[in-house]
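Presented below is the structure to which this report refers.
Number of protein chains: 2
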Amino acid sequence: MSIINNSATDVEQGADFLPKFDAAGLLTAVVIDSESRGVLMVAFMDQEAVDRTIETGFAHFHSRSRGKLWMKGETSGNRLRVLKISVDCDQDALVLLCKPAGPTCHTGASSCFYRELVDGRLERAAD
Amino acid sequence: MSIINNSATDVEQGADFLPKFDAAGLLTAVVIDSESRGVLMVAFMDQEAVDRTIETGFAHFHSRSRGKLWMKGETSGNRLRVLKISVDCDQDALVLLCKPAGPTCHTGASSCFYRELVDGRLERAAD
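Chains as they are written, first to last, in our numbering: chain A, 1 to 127; chain B, 1001 to 1127.
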């Protein structure tokens, strides 16, 4: 990968997809449910995960703990079909609008965000 | 800050708020508009940003480029009033449901996610 210095105008206003990865080679991906419009999960993508997601139409991420590419649902079957990818102003975060094949969270909850912070304690949110 | 090893069960199912910061001391925060329910922005929080957000009711973040705490809207006035904070399974990401005082993006767009990826190119999304 070559080092390219893109101007802020190119990055913010241009039509070129110029994903900006951090020092660890990652950007943030937020997965939104195409039906409920709620946030299902947050994960990280490297260039390979971005490429594989675009090629296959299924969400792929980079596992920081395992240090490798993974397709969401590769073992559980609960894949995320990507319907739309939105890009933020500085192109270091993506929003993936997805149709999930099943519960997204490994705990069995539909979303990983199943708790709310109330007076310093976590309370289970309505699923 | 002491090093505490919390069990996965405590972290995933418990009522204790045990935010998990990465090696850089950060976790991911996703800001959702309380009216449109769309994603407004994605940023990072350290312990100080989490504490200040809870104390003040306005979203604070940690700037990775400037290496310091900032309150969203501290110069523009476009603050984000936090109505609800949701926490994910492993407590390394937060969703902030917010009422924005004005456009969230520094470009003037209501959301930082004003472009969609279509056939490898970015197209302006409806604002």
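All residues carry an ideal CB built from backbone N, CA and C; glycine is no exception. Quantities reported herein were computed from a predicted structural model and do not represent experimental measurements.
Quiz item: If the cut is a Cβ gap below 7 Å, which residues of chain B does residue 30 of chain A touch?
Solution: 1030, 1039, 1042
Self-check item: Interface flag, residue 1001 of chain B vs chain A, CB-CB below 8 Å
Solution: Interpretation of residue 1001 of chain B is limited by its pLDDT of 45, a score under 50 that renders its predicted location unreliable; the figure taken from the coordinates is listed afterwards. By this cut-off, residue 1001 of chain B is not an interface position.
Self-check item: is_contact[residue 52 of chain A, chain B] using C-beta, thresh 8 Å
Solution: no
Quiz item: Exposed or buried, which one is residue 118 of chain A when buried takes at least 16 other CB atoms within 10 Å?
Solution: exposed
Quiz item: How about residue 60 of chain A: is its C-beta nearer than 8 Å to some C-beta of chain B?
Solution: no
Exercise. Please go through the region 37–105 of chain A and give each complete alpha helix (DSSP H) segment of 4 or more residues, from N-terminal end onward.
Key: 47–56
Practice problem: Mind checking the region 76–103 of chain A against chain B and listing, in chain order, the residues whose C-beta falls within less than 7 Å of any C-beta there? | Solution: 84, 85, 86, 87, 88, 89, 93, 95
Quiz prompt | Span of the beta strand (DSSP E), counted from its first residue to its last, around residue 116 of chain A | solution = 115–118
Quiz item: Within the chosen definition, does the region 94–107 of chain A reach the region 26–34 of chain A through at least 3 CB pairs nearer than 8 Å?
Solution: yes
Quiz item: Where does residue 1076 of chain B land, buried or exposed, given buried means 16+ other C-beta within 10 angstroms?
Solution: exposed
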